[in-house]
Structure formats: structure tokens, C-alpha cells
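These protein sequence lines are chains Z and R, in that order. Each residue of the first sequence is one higher than the one before, counting from 1 in the numbering used here. Each residue of the second sequence is one higher than the one before, counting from 1 in the numbering used here. A quick write-up on the structure given underneath.
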Amino acid sequence: MALTSDDVSRIAHLARLELKPDEQAAMLQQLNGFFSIVERMSAVDTRGVEPLYTPLSAVQQVNLRLRDDMVTEANQRELNQRSAPAVEDGLFLVPQVIE
Amino acid sequence: MSARLEAMGVAELGRALQDRQVSSVEVTQHLLARIASHEHLGAFLSTDADAALVQAREADARRARGDAGALTGVPIAHKDIFVTRDLPTTAGSKMLAGYRSPFDATIVTRLADAGVVSLGKLNCDEFAMGSSNENSAYQIVKNPWDASRVPGGSSGGSAAAVAARLLPASTGTDTGGSIRQPASFCGITGIKPTYGVCSRYGMIAFASSLDQAGPMARSAEDCALLLSAMSGFDERDATSAQRPPQDFHAQMLQARPGATATQPLKGLRIGLPKEFFPDALAQDVNGAVRAALAEFEKLGATLVDVSLPRTELSIPVYYIIAPAEASSNLSRFDGVRYGHRAKDFFDPASKLSALEQMYSRTRAEGFGAEVKRRIMIGTYVLSHGYYDAYYLQAQKLRRMIADDFQACFQACDVIAGPVAPTVAWKLGDKGDDPVKAYLADIFTLPGSLAGLPGMSIPAGFGEGGMPVGLQLLGNYFQEGQLLHAAHAFQQATDWHQRAPSGT
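In C-alpha cells:
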């Protein structure tokens, strides 16, 4: 089942990636090339197999570690914002969202 | 002394510093000069000589106070995927041009606490996605053994700098082979520890369930010293392994029961998965790996046949899971909090809002072609209607691959094979076909998916005089056993001491 150009547009929109027409065409070809090696994966019977989301759970119980809900970070707003594209009065600026 | 300085590895340099044969300032100056005269290799993305000399003077002062460890005053450099407060961090991407982190990665802090001097940041594939370093947005890295060939990737700058004797050691990261494969291509030693051994805090995330940091150096001994300092539980990493600090150097030296002076590896069972020696394996690589295995036999090890039947399947499994995690991790690059933002993005005729147009144009401009491909693959396999068929199926197969390893470890203590099917290829050779490059990751991906520790050690030379690496894989948390076996091999051979000519 090959992807179509419409699929590529839809995925690119979900990924918030603007693709130029020539990029879009190359992407379609490369993705279909890639999914041709994925097909043999689909043929394997995996019924009853637990997915392995984190590697150590292959051999041991892995529990999500929780910490107390307390403030642990110092305020370093200026340092945190020094690489931001646009800030004003300590706030991040974005294009207008609400008319 | 100075002509020999660059030839010294971490352990040897530590001893020379301890014996006051050389100061950290002297060796730092010497290596900074070498870095400056080897810019053509493209290994570094940033250096700060003044800051390095400040650290070197502090290290010398620590030595004078009697407050020094094995690494105090030893210069290294970090892969540019670890965030640093005092040097730019780019992850090899235009997206992060000029980015300055508000904090240091945990492994950067730990190595600095051990007195290591940081000379700069090393080039890598963009967001660690690649196996040739050609995906760096800044410059390609050349293999010091042959400047027309790739150094491997994604830790290509880290490997090339150590091979060219610009540094005794460096840090790298390995998601699907990114420490082991460039170590193999450049003829150095590298170890990817068990998932969870090194903190991922401050390591720019590619695929969070696979990413691991590790050292790259000339020898197993040097890697052991660095890994001891880098590793350990970190409460800031949710998947950090909770265990006491490890002395990998002591573990490396620990004699096996029944070992003798000539047979230090007596009783060690080395498993050879038949799938790691397919017909398509290059003759030169096969020859060097078999010769290295014969050396292991001389040292007392026995070779046993094992099987990892899903080795080939690990390619699609990995290239579903890693891009899925990447598409999620890289969604943070939106042109708002840090990094690049497109200058002109607003088209009043577009159906999209100004904010959405800003996101899409920013990401189109900031990311390179391979990163875009992986974001697209990841977004697709996680999208509604496709999740079960691709992502869930891949995670189930990942469990089967991890189980295959556990079955092997019933019959052997470590697993060995080639790191890559060929020696380093020519620059540009796999440029236009990403799948061709993915297929070359076949021998490193299974261990990555299972989260096992793995090493590459120099095992000889192949076509064009290029280095061949031997891969050793251990069971979970068996880094000490891997380092012990690698060290025994390196005591009996000198492949790891060979340096490219003209460097």
C-alpha cells in the first residue's frame, strides 16, 4: 500500500512542516522506498507479545519514579529566554492568535 | 615531551600529570594548537581556548593541592548534542544556530567535577540522525585515515578528533550505533553503556527510549575511566538506573575465576550470532573480525554459535520506533522558546493562521532533509489508524528481539561480531538513498533496541587501509565484563595504538 501525494500533504501538516513542491515529490518517493522495507515486519505474528516501551523492562519491573510535588528550580527567566527569537517584558512573543 | 603529548591516552596522560611530567596547561595548549592546525577535518563546531586554559589552570591548582583524580587536567571535548552553558549548542542543526543553554548536561557537569578540561564541541549528524556525519548542517567531517571517506556517525566529530590525536577522548551518544559505528570507522574504542547508566539530562533528545551517552577514546582502559566519571543515577532523568556508583576501571581489572597470565579470558564464552556473518558481509571486515576472534581464543575464550533470528527485522523496527520518538521530541522546535524563527512567513491568502504558518515555515527552514524525513515517518506511524500496524507492531517485535538476546546469553557471556558490514565508505556514496544508509546499521540496531551495552574495539584493517571494528555486546549492566574482555585483547594486540599517518 503506497502513500500518495495527498498522504504526504496530510502528514506534513500534522508535523507542521512546510514542504515545497519538489521536496514533496522527493519525500513521497523516499517514504515509499522506506515503507517497502517495513512490510516484512507486518508479516510477523506478534499476538500475545507485550510491547517493549523501555528496554530494561525486558528483564525487570520498571516503575515510573515520582518525586514530591515541590518547586525545585530557581527562577532564571533571563537565562531561559536569552536564546528566544522574540521576547518582551519577560514574555515570549508569537504572531497574533486572537483577532 | 610536547611531540609525544598527543600520543598519550587518558590513563597515560593522567599518570604524566600525576608525576608532574607535564601540566594540564601545557597539554591543553598543545592540543588547542593541533585542533587549530586540523580545521580541515571539520571535527569541531566550537572551541574556546581561553575558557579551556582557565579550566586547565584550575586543574593544575587542584593537583598542587593534592585534590586530583585520574581525570583531573585531562582535555576532552563533548559531542554538540550535550547542552553547555558556556559554549554554543547546535546539535548539528541550523535550528539551534547560536543557541545558549541555561544549564549544563549532567554528564558535562560530572566530567567537569572530575577535573576534565573541555576544549569545545564536536560536530555530529543533525540531532544525531545519520551514520556518516554528512547530515551536519554546518560542515562535513573527514575520516583522518582517508580524507575522501566518511568518519561514520552520528558521533563523527567525536571519533575523528580522537583518531587524529586532537584529543585523548571525547563524549558521544548512541541511539542506533552512533558511538560504535564511528569508533569502528575511525579505528578507536567506544562504549555505549546499558540504557539508563548515563544520565540523559541535557542530552538533546532524539529517541528517548534508545539514547545513551558514552565515552570514545583510544582504549578500553581510557573508556573505563571516563565511564566511571560520567555514569550514575541522576534524579533529573526519569529513566536513570537506580544503582550505586560504579568503578568500571576496577571492574575491568578484576581477574576472572580460573584466569592465568597467558589466558586471562579462560572460561569466557563468546557467542557469534550467525546472522552477524551473512554472505553479504564484506570479505575484509569478515577477515579482520575472524582474526580478532582467533586472538580471543588464544586468550582463553571459547567461541559458541548463537542466533539472533530477528537481526534483519531490527532495521524496520528501529526506523519506526526512533522516528516516532523523534517526531514527538522535535515538536518542541516551534520558533517560540529557542532556536530559529522564520523571518517571512505570513501569507494572507493561506488557510492557515499566522501562528501555524510561522511554525511550518520555521521548521521547514530549520531542519535538514534527513530530520524532515524522520519527522514525517514518525508522524505517520503515530497517526490515527496507523499506530497499531506500525508503532505497536514495532514495539512488540522489539520485545521479541530483546528476548532473543536473553536466549543467547544462556549459552554465552558476551556476543561478538562486526560493527558494520563494510569499512568507512566514500563521502557522498549513500547521499541520495536514505534506505541504503539505514541497511548499513544492521549489526548495531539489535543491541540498541534491547538497551544492551556494546563496544567497538579496533580489530585490524580492511580495504584501502581503513580500520575495522569488532563489536562486543554484553548483558544488562555487564559493562565491566565487556571492558575486561576488550582490555585483555588490547593488552595482547596493538590495533588500538595505530594512528593514521600524516596526523
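All C-beta atoms in this analysis are idealised placements derived from N, C-alpha and C, irrespective of residue type, glycine included. Predicted model, so just to flag it, every value in this text is computed and none were measured.
For the candidate residues the options, whose alpha-carbon lies nearest to that of residue i?
i, options, result
"A15(Z)", "D404(R), S360(R), I35(R)", "S360(R)"
"A137(R)", "N143(R), A97(R), S101(R), G115(R)", "A97(R)"
"T503(R)", "Q29(R), D334(R), A33(R)", "A33(R)"
"S199(R)", "A282(R), L482(R), A169(R), P245(R)", "P245(R)"
"L427(R)", "V419(R), P421(R), A437(R)", "A437(R)"
"Q76(Z)", "K79(R), P102(R), G190(R), C408(R)", "P102(R)"
"L122(R)", "M95(R), A105(R), S154(R), S228(R)", "S154(R)"
"P55(Z)", "G300(R), C408(R), T239(R), Q263(R)", "T239(R)"
"G451(R)", "V44(Z), G48(Z), A2(Z), L52(Z)", "L52(Z)"
"W495(R)", "K343(R), F277(R), C186(R), M376(R)", "C186(R)"
"A213(R)", "R310(R), D80(R), A11(R), E26(R)", "D80(R)"
"F35(Z)", "A2(Z), R67(Z), Q61(Z), K20(Z)", "A2(Z)"
"G480(R)", "M466(R), A342(R), M455(R)", "M455(R)"
"D125(R)", "Q471(R), I179(R), A51(R)", "I179(R)"
"I140(R)", "E39(R), D104(R), K343(R), A349(R)", "E39(R)"
"R310(R)", "F405(R), E295(R), D50(R), H484(R)", "F405(R)"
"Q29(Z)", "M41(Z), V8(Z), K20(Z)", "V8(Z)"
If you draw a straight line from the C-alpha of residue i to the C-alpha of residue j, how long is it?
i, j, result
"E312(R)", "I442(R)", "7 Å"
"L5(R)", "L225(R)", "19 Å"
"D63(Z)", "G120(R)", "Note that residue 63(Z) is Asn in the sequence shown, not Asp. Those two C-alpha atoms are separated by around 37 Å."
"A486(R)", "T109(R)", "28 Å"
"R218(R)", "D67(R)", "26 Å"
"T422(R)", "A86(Z)", "47 Å"
"Q490(R)", "L303(R)", "18 Å"
"L227(R)", "G157(R)", "19 Å"
"V89(Z)", "N80(Z)", "The displayed chain sequence assigns Asp, not Val, to residue 89(Z). About 14 Å."
"Y201(R)", "T106(R)", "6 Å"
"D146(R)", "S184(R)", "14 Å"
"R57(R)", "A7(R)", "22 Å"
"D19(R)", "T72(R)", "13 Å"
"E297(R)", "R62(R)", "44 Å"
"L31(Z)", "A440(R)", "18 Å"
"M358(R)", "L308(R)", "47 Å"
"S501(R)", "L166(R)", "14 Å"
"D279(R)", "A424(R)", "19 Å"
"A164(R)", "D334(R)", "38 Å"
"D403(R)", "V22(R)", "50 Å"
"A394(R)", "S383(R)", "15 Å"
"G469(R)", "R498(R)", "13 Å"
"T46(Z)", "A58(Z)", "16 Å"
"G196(R)", "S328(R)", "20 Å"
"L299(R)", "L293(R)", "10 Å"
"P467(R)", "D247(R)", "30 Å"
"L66(Z)", "D174(R)", "27 Å"
If we call anything under 7 Å between Cβ atoms a contact, is residue i one with residue j?
i, j, result
"A64(R)", "G14(R)", "no"
"A160(R)", "L87(R)", "no"
"A117(R)", "T171(R)", "The residue asked about is misnamed: residue 117(R) is Val in this sequence, not Ala. Contact: no."
"A59(R)", "S93(R)", "no"
"H340(R)", "G366(R)", "yes"
"G176(R)", "Y318(R)", "yes"
"A288(R)", "A420(R)", "no"
"G9(R)", "P168(R)", "yes"
"V150(R)", "M216(R)", "no"
"G306(R)", "C408(R)", "Note that residue 306(R) is Val in the sequence shown, not Gly. Against a cut-off of 7 Å, the Cβ pair of C408(R) and V306(R) comes out as a contact."
"P182(R)", "P453(R)", "no"
"S448(R)", "E325(R)", "no"
"V38(Z)", "P316(R)", "yes"
"A91(R)", "F127(R)", "yes"
"L17(Z)", "K372(R)", "yes"
"F345(R)", "M203(R)", "no"
"A229(R)", "L111(R)", "yes"
"P264(R)", "A11(R)", "no"
"S314(R)", "P446(R)", "yes"
"I457(R)", "T189(R)", "yes"
"A220(R)", "L483(R)", "yes"
Going by the DSSP bridge assignment, what does residue i pair with across the sheet?
i, result
"N329(R)", "The partner list for N329(R) (beta bridge, DSSP) is empty, contrary to what the question assumes."
"Q471(R)", "G417(R), S456(R)"
"P161(Z)", "There is simply no residue 161(Z) to check, as chain Z begins at 1 and stops at 99 in what is shown."
"L122(R)", "F44(R), K79(R)"
"R290(R)", "According to DSSP, R290(R) bridges with nothing at all."
"P215(R)", "T171(R)"
Are at least three pairs of beta-carbons, each pair with one atom in the segment 375-388 of chain R and one in the segment 397-404 of chain R, less than 8 Å apart?
-> No, they do not touch.
Are at least three pairs of beta-carbons, each pair with one atom in the segment 408-417 of chain R and one in the segment 263-276 of chain R, less than 8 Å apart?
-> With the cut-off at 8 Å, the segment 408-417 of chain R and the segment 263-276 of chain R touch.
Are at least three pairs of beta-carbons, each pair with one atom in the segment 348-366 of chain R and one in the segment 229-242 of chain R, less than 8 Å apart?
-> No, the segment 348-366 of chain R does not touch the segment 229-242 of chain R.
Assess, as a yes-or-no matter, whether the segment 127-134 of chain R is touched by the segment 249-257 of chain R under the definition of 3 or more beta carbon pairs within less than 8 Å.
-> Fewer than three pairs of CB atoms, one per stretch, sit closer than 8 Å, so the segment 249-257 of chain R makes no contact with the segment 127-134 of chain R.
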